[in-house]
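Take a look at the structure below.
In our numbering, the protein residues as written are 3 to 304.
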């Protein structure tokens, strides 16, 4: 059975397959493992999990030449976050990745950096933000015997963050996140699907949902606009759109480096910073050519 996949989805799927392949090569799948629910992971999340997996490979000697250890690495986990950030990235993805066999979570706690200490003389999120110069939240701090596991410590610090006073601080943060200096949420974007509801043959624009997820872009606030509406006509005029269905992304798109990296192949960036999807041919489905007012069928595979 042939599936219609977008260029985006193929990129995301390849990365996801790479992550799963590396992960399952190290650890055979278990019924209750990280991926049991078939969750979609964005490229940013996939990258974090992949680095964790590669770190384990390094530690086990596949990369670093060390002999395999029989004991899991015990870690104490501290999540530093804000109380009111439902849009922020889920740190559990990182922690769950660690908890796979080679890491044993000895303890886990969450502290909040809210600008005030609730209990005197008790270390809270604000203290940790200051001590470790944390600039983005949420983040994760790991406490382990890094002196004993120096190879792993070096690998983690080179790829994901740094080690200060024997504690590893995650610096590679996935958007959306809170910029500590400004207190602002970074990585907020607005996705708009521009469609032609009269075109029954056109490809299903919702295919982009999976594609965007694979590229780490939140899809919980998508606006759908018909090309015949006043709002749709304005989008066509403002961004010189020649074919639909398409999508536009505006906001802090630059925070999503995986998306930025592939966009030159499939779209343009308008003067106001809006990302406009223009190469509809990669969708392998029918679309409406607005300049000729006709439906364009996908090329027949030879």
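Think of the CB as a built atom: it goes at the ideal place given N, C-alpha and C, for glycine as much as any other residue.
Enumerated in chain order, which unbroken segments of the alpha helix (DSSP H) with a length of 4 residues or greater are wholly contained in the segment 180-256?
-> 209-216, 232-241
In three-state terms, what does DSSP make of residue 144?
-> Translated into the one-based positions of the chain shown, residue 144 becomes position 142. Strand, per DSSP.
Use the C-beta contact count for residue 146: other C-beta atoms within 10 angstroms, 16 or more gives buried, fewer gives exposed.
-> In the chain shown, the residue the question calls residue 146 occupies position 144. The residue is buried, with at least 16 neighbouring Cβ atoms inside 10 Å.
What do you reckon, are the CB atoms on residue 250 and residue 278 nearer than 8 angstroms?
-> Reading the chain shown from its first residue, position 248 is the one you call residue 250. Reading the chain shown from its first residue, position 276 is the one you call residue 278. Less than 8 angstroms divides the Cβ of residue 250 from the Cβ of residue 278.
I think residue 169 touches residue 179, with their Cβ atoms under 8 angstroms apart; what is that distance to the nearest whole Å?
-> For the purposes of this step, residue 169 is taken as the residue at position 167 of the chain shown. For the purposes of this step, residue 179 is taken as the residue at position 177 of the chain shown. In fact, because the Cβ distance is near 20 angstroms, the residues do not count as touching under 8 angstroms.
Within 8 angstroms, strictly: CB atoms of residue 114 and residue 85 = Here residue 114 refers to the residue found at position 112 of the chain shown. Here residue 85 refers to the residue found at position 83 of the chain shown. Yes, these two residues count as a Cβ contact at 8 angstroms.
For residue 287, which of helix, strand or coil comes out of DSSP?
-> As a first step, residue 287 is located in the chain shown; it is residue number 285 there, counting from the start. The three-state secondary structure of residue 287, taken from DSSP, is coil.
Starting from residue 260, trace the alpha helix (DSSP H) both ways and give me its first and last residue.
-> Mapped onto the chain shown, residue 260 falls at position 258. Looking at the DSSP string, the run of the alpha helix (DSSP H) that includes residue 260 is 259-268.
Span of the beta strand (DSSP E), counted from its first residue to its last, around residue 134 = The residue given as residue 134 occupies position 132 in the chain shown. From DSSP, residue 134 is part of no beta strand (DSSP E); its letter is neither H nor E.
If you compare alpha carbons, which of 263, 205, 215 is closest to residue 299?
-> Taking the first residue of the chain shown as 1, we reach residue 299 at position 297. Considering only alpha carbons, the answer is 205.
Where residue 168 falls: helix, strand or coil (DSSP) | Locating residue 168 in the chain shown gives position 166, counting from the first residue. Of the three classes helix, strand and coil, the one that applies to residue 168 here is coil, per DSSP.
Taking only the alpha-carbon atoms, compute the straight-line gap between residue 81 and residue 107 and give it to the nearest angstrom.
-> Taking the chain shown and counting its residues from 1, one reaches residue 81 at position 79. Taking the chain shown and counting its residues from 1, one reaches residue 107 at position 105. Whole-angstrom Cα-Cα distance: 13 angstroms.
Are residue 246 and residue 196 touching if we call contact CB-CB under 8 angstroms?
-> Taking the first residue of the chain shown as position 1, residue 246 is located at position 244. Taking the first residue of the chain shown as position 1, residue 196 is located at position 194. Against a cut-off of 8 angstroms, the Cβ pair of residue 196 and residue 246 comes out as a contact.
Are at least three pairs of beta-carbons, each pair with one atom in the segment 258-273 and one in the segment 222-237, less than 8 angstroms apart?
-> no
Are there 16 or more other CB atoms within 10 angstroms of the CB of residue 177, so buried, or fewer, so exposed?
-> Within the chain shown, numbered from 1, the residue matching residue 177 stands at position 175. Buried, since its Cβ has 16 or more Cβ neighbours within 10 Å.
Local conformation of residue 40 per DSSP, three classes = Here residue 40 refers to the residue found at position 38 when the chain shown is read from its first residue. Caution is warranted here: a pLDDT of 25 is assigned to residue 40, below 50, making its placement in the model unreliable, and the coordinate value is therefore given only provisionally. Correct three-state label for residue 40: coil.
Cross-strand partners of residue 75 (DSSP beta bridge) | Within the chain shown, numbered from 1, the residue matching residue 75 stands at position 73. Answer is 105.
Got a sec: is the Cβ-Cβ distance from residue 199 to anything in chain C below 8 angstroms?
-> In the structure shown, chain C does not exist; there is a single protein chain.
Just the C-alpha distance for residue 36 and residue 105, rounded to the nearest angstrom, thanks.
-> Looking up residue 36 in the chain shown gives position 34. Looking up residue 105 in the chain shown gives position 103. Because the pLDDT of residue 36 is 28, which lies under 50, any placement of that residue in the model is unreliable, and the question is left without a value.
Going by CA-CA distance only, name the one from 77, 87, 263 that's closest to residue 100.
-> Taking the first residue of the chain shown as position 1, residue 100 is located at position 98. Selection 77, 87, 263 evaluated against residue 100 yields 77 as nearest (Cα-Cα).
How close, in whole Å, do the beta carbons of residue 2 and residue 194 come, if the pair is a contact with beta carbons under 8 angstroms?
-> Residue 2 falls outside the range modelled here, since the chain spans only 3 to 304, and no answer is possible.
Just checking my contact of residue 173 with residue 162 at CB under 8 angstroms: how many whole Å lie between their CB atoms?
-> Within the chain shown, numbered from 1, the residue matching residue 173 stands at position 171. Within the chain shown, numbered from 1, the residue matching residue 162 stands at position 160. Contact flag correct, Cβ pair sits at about 7 angstroms.
Using the Cα positions of residue 198 and residue 91, report the straight-line distance between them to the nearest angstrom.
-> The residue labelled residue 198 in the question sits at position 196 within the chain shown. The residue labelled residue 91 in the question sits at position 89 within the chain shown. So the two alpha carbons sit approximately 33 angstroms from each other.
In terms of residue numbering, what span does the beta strand (DSSP E) encompassing residue 296 cover?
-> The sequence position of residue 296 within the chain shown is 294, counting from 1. From DSSP, the beta strand (DSSP E) with residue 296 extends over 296-298.
What first and last residue would you give for the alpha helix (DSSP H) that runs through residue 153?
-> For this step, residue 153 is matched to residue 151 along the chain shown. Note, residue 153: alpha helix (DSSP H), 152-161.
Short Cβ contact (8 angstroms threshold) for residue 252 with residue 276 = Indexing the chain shown from 1 puts residue 252 at position 250. Indexing the chain shown from 1 puts residue 276 at position 274. If you check the CB distance, residue 252 and residue 276 come in under 8 angstroms.
Kindly list the residues whose CB is nearer than 7 angstroms to the CB of residue 165, restricted to its own chain and excluding five residues on each side of it in sequence; keep chain order.
-> Position 163 of the chain shown, counted from the start, is the residue given in the question as residue 165. Here the set comprises 148, 155, 159.
What are the start and end residues of the alpha helix (DSSP H) that includes residue 98?
-> For the purposes of this step, residue 98 is taken as the residue at position 96 of the chain shown. First-last of the alpha helix (DSSP H) with residue 98: 94-100.
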